[in-house]
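For reference, the structure discussed in these notes is given below.
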Amino acid sequence: MRRVDAPRAGWYPDPESRTSLRWWDGLDWTDARRAPPSQAELLSYENQEAFEAAHRYEPPAATAQAMSSLAQTAATRTGRGDSQQVIEDVRRAARSEVDRAADIFARQARTMQAEITPLITQYTNRIIKWIRFLAVVAIVLLIAYVVFQVVAQASFFEWLGDRIDNLTDDESGAPLGWPAMAGALAGG
Numbered sequence: 475m476r477r478v479d480a481p482r483a484g485w486y487p488d489p490e491s492r493t494s495l496r497w498w499d500g501l502d503w504t505d506a507r508r509a510p511p512s513q514a515e516l517l518s519y520e521n522q523e524a525f526e527a528a529h530r531y532e533p534p535a536a537t538a539q540a541m542s543s544l545a546q547t548a549a550t551r552t553g554r555g556d557s558q559q560v561i562e563d564v565r566r567a568a569r570s571e572v573d574r575a576a577d578i579f580a581r582q583a584r585t586m587q588a589e590i591t592p593l594i595t596q597y598t599n600r601i602i603k604w605i606r607f608l609a610v611v612a613i614v615l616l617i618a619y620v621v622f623q624v625v626a627q628a629s630f631f632e633w634l635g636d637r638i639d640n641l642t643d644d645e646s647g648a649p650l651g652w653p654a655m656a657g658a659l660a661g662g
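In this note's numbering, the protein residues as written are 475 to 662.
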């Protein structure tokens, strides 16, 4: 079999065992074997082929015809000056084709970039949201603590004042524990 007639490289049914696949490298069988693909793999492969077919680059017919006519012109011309002209024509055609392919690629890249949301934006937004939430909770807790301290101190001092007021004698208004001293001063 000639190389031109050989099938392209890929997984094919193993000629020695029909229950597995074997890798054909384009020239000969290799030792690599694998199980046949599952239905999910086949579906994935079909989807990938459809994607590749939709995004495959094929030069327009006009460019292919221009290249073909340049090749024919080069074959008919024999002089050195003519060959330089053909080389320049081929370079110009190749350059225009490269520029066109670059424009197509740039357009596709821009559309894909517009469709992709950067992950860092999602995560920084979440982090900022959590930081704001924690800051609000901390401020609310701080305010609650200060209010509690003010109320607790006011209540404590009010209670302490009541206790001090209750330590006085009801009849004379003198503090308890001072009656002997009060009597000594009054009598003496």
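Yeah, the Cβ is synthetic: ideal placement off N, Cα and C, and Gly gets one too. No experiment lies behind these values; they were computed from the predicted model shown.
With contacts defined as CB atoms closer than 8 Å, R482 and R496 fail to qualify as a contacting pair. Annotation for L495: the continuous beta strand (DSSP E) segment containing it runs 495 to 498. Boundaries of the beta strand (DSSP E) harbouring P487: 484 to 487, taken from the DSSP string. For D556, the three-state secondary structure derived from DSSP is helix. When the five nearest sequence neighbours on each side are left out, no beta carbon in the same chain lies closer than 8 Å to the beta carbon of Y619.
Taking a 10 Å sphere around the C-beta of W498, we find 16 or more other C-beta atoms and assign the residue as buried.
Counted as a single uninterrupted DSSP element, the beta strand (DSSP E) harbouring A506 occupies residues 503 to 508. Between the alpha carbons of D573 and P489 lies a distance of about 46 Å. With respect to the 8 Å criterion, A480 and L501 are classified as neighbours on the basis of their beta carbons. At the C-beta level, A509 and S494 come within 8 Å of one another.
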